[in-house]
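Take the sequence shown: its letter number 24 is residue 25 in this note's numbering, and every next letter is one higher.
Heads up, the beta-carbon is just placed ideally off N, CA and C, and yes, glycines get one too.
Comments concern the structure below.
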Amino acid sequence: MKKKISLIVPCYNEEEALPFFYKEISRVSDEMNNYDFELIFVDDGSKDKTLETLQKLSAKDKRITYISFSRNFGKEAAMYAGFINASGEYVAVMDADMQDPPSLLPEMAAYLTSGEYDSVATRRVNREGEPRIRSFFARAFYRIINKISDADIVDGARDYRLMKREMVDAIIEMGEYNRFSKGIYGWVGFKTKWLPFQNAERIAGETKWSFWKLFKYSLDGIINFSQVPLSIASWSGILLTGIALLIILFICIRKLLFGDPVAGWASLTCIIMFIGGIQLFCMGIIGQYLSKMYLEIKKRPHYIVRQTNREDTVKKVQ
Ligand code: UDP
Ligand code: MG
Numbered sequence: 002m003k004k005k006i007s008l009i010v011p012c013y014n015e016e017e018a019l020p021f022f023y024k025e026i027s028r029v030s031d032e033m034n035n036y037d038f039e040l041i042f043v044d045d046g047s048k049d050k051t052l053e054t055l056q057k058l059s060a061k062d063k064r065i066t067y068i069s070f071s072r073n074f075g076k077e078a079a080m081y082a083g084f085i086n087a088s089g090e091y092v093a094v095m096d097a098d099m100q101d102p103p104s105l106l107p108e109m110a111a112y113l114t115s116g117e118y119d120s121v122a123t124r125r126v127n128r129e130g131e132p133r134i135r136s137f138f139a140r141a142f143y144r145i146i147n148k149i150s151d152a153d154i155v156d157g158a159r160d161y162r163l164m165k166r167e168m169v170d171a172i173i174e175m176g177e178y179n180r181f182s183k184g185i186y187g188w189v190g191f192k193t194k195w196l197p198f199q200n201a202e203r204i205a206g207e208t209k210w211s212f213w214k215l216f217k218y219s220l221d222g223i224i225n226f227s228q229v230p231l232s233i234a235s236w237s238g239i240l241l242t243g244i245a246l247l248i249i250l251f252i253c254i255r256k257l258l259f260g261d262p263v264a265g266w267a268s269l270t271c272i273i274m275f276i277g278g279i280q281l282f283c284m285g286i287i288g289q290y291l292s293k294m295y296l297e298i299k300k301r302p303h304y305i306v307r308q309t310n311r312e313d314t315v316k317k318v319q
């Protein structure tokens, strides 16, 4: 029997890119005629004609499921909805803008069928077309997060990958509200083959990631997959207490030996401000974790479906 590949495509304002994407994916799926295909397009609350485009496509291609959210829930939620509704033995996530080349699919599938790997992931080897400063921060982020978390996160890794059912089930099992896929993929483990490819510019439309959004996303990644920032808070507390003890000792001895001239207003102010700063910084770190816990505990749905063309779609997950 033919194996089925489910392709999950999160789309947010992709009306311009979708026709190109559909053409390419049709070509690739025709080429891979030893597999069945299921295309799950998740419309993440787009404000343009993405939904209409998807409806038109699904009318002529029965392999297409579209799931349209009630508002923009973010790419992570869109991918999660895709995973939950995918029925194939193999499941892939792919961007709609062709920055994740569909032409890599046959090679990826071949690795999985060989039985040696559970997942085939892709990695950009260059960052051409990206602002320098962004590349710089991206590299720094990967260096830091790999030092301080136990999830293995590869520099330049895309969300684009093909996985076996077992891995997808493990990912679904991780039902956390604050999702950071790059970390989740690494955390669940499994044998992964990395395929490098050259970065391509998006075919149409615009990227949804501003520098500020990326920065916040990377901080989220760190907080979701590492407790090290919390220990920074306690270690800096211990360090400062130690220093304070030394200073007290120094002042006592000086008082005994030389008396106590009144001096040092300026340095005192600096010290108070320094310690106050560290305290607020550490409280901020704790606050970050607390806010994540707050969101987890509320058990809000990851996404809410407004419209879909498949009856048995899982409409929300808590
Ligand atoms: N995307 C989404 N929801 C969002 C933002 C993005 O579903 O809130 C989708 C988008 O349509 C695209 C993919 O996620 O298919 C990657 O987005 P983009 O190309 O903007 O990111 P980049 O490639 O620049 O990292
Ligand atoms: Mg893109």
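- Within the DSSP secondary-structure output, V155 pairs in no beta bridge.
- Apart from sequence neighbours up to five positions away, the residues of its chain that approach N86 with a beta-carbon distance below 8 Å are I41, T66, I68, R311, T314 and V315, ordered along the chain.
- Taking L257 as the centre and dropping the five residues before and after it, the same chain places no C-beta closer than 6 Å to its C-beta.
- Counting only beta-carbon distances shorter than 7 Å to the non-hydrogen atoms of ligand 1, the qualifying residues in chain order are V10, P11, C12, Y13, N14, E15, V43, D45, N73, G75, K76, A79, D96, A97, D98, Q100, R203, T208, K209 and W210.
- In this structure, L8 places its C-beta atom within 8 Å of the C-beta atom of A93.
- Take L220, set aside five residues on each side of it, and the residues of its chain with a beta-carbon closer than 8 Å to its own are Q289, in chain order.
- Taken through DSSP and simplified to helix, strand or coil, M164 comes out as strand.
- Straight-line measurement puts the Cα of I149 at about 16 Å from the Cα of S235.
- When secondary structure is reduced to three states using DSSP, P230 falls in the helix class.
- Bridge pairing for K5: D37 [DSSP].
- DSSP lists V121 as the bridge partner or partners of K194.
- In the three-state reduction of the DSSP assignment, Y67 falls in the strand class.
- Between the region 98–107 and the region 165–180, the count of Cβ pairs shorter than 8 Å is below three; the stretches do not touch.
- With a cutoff of 8 Å on beta-carbon distance, D45 and L55 are scored as not near each other.
- CA-CA distance, V169 to I233, rounds to 34 Å.
- Under the three-state reduction of DSSP output, D45 falls in the coil class, being neither helix nor strand.
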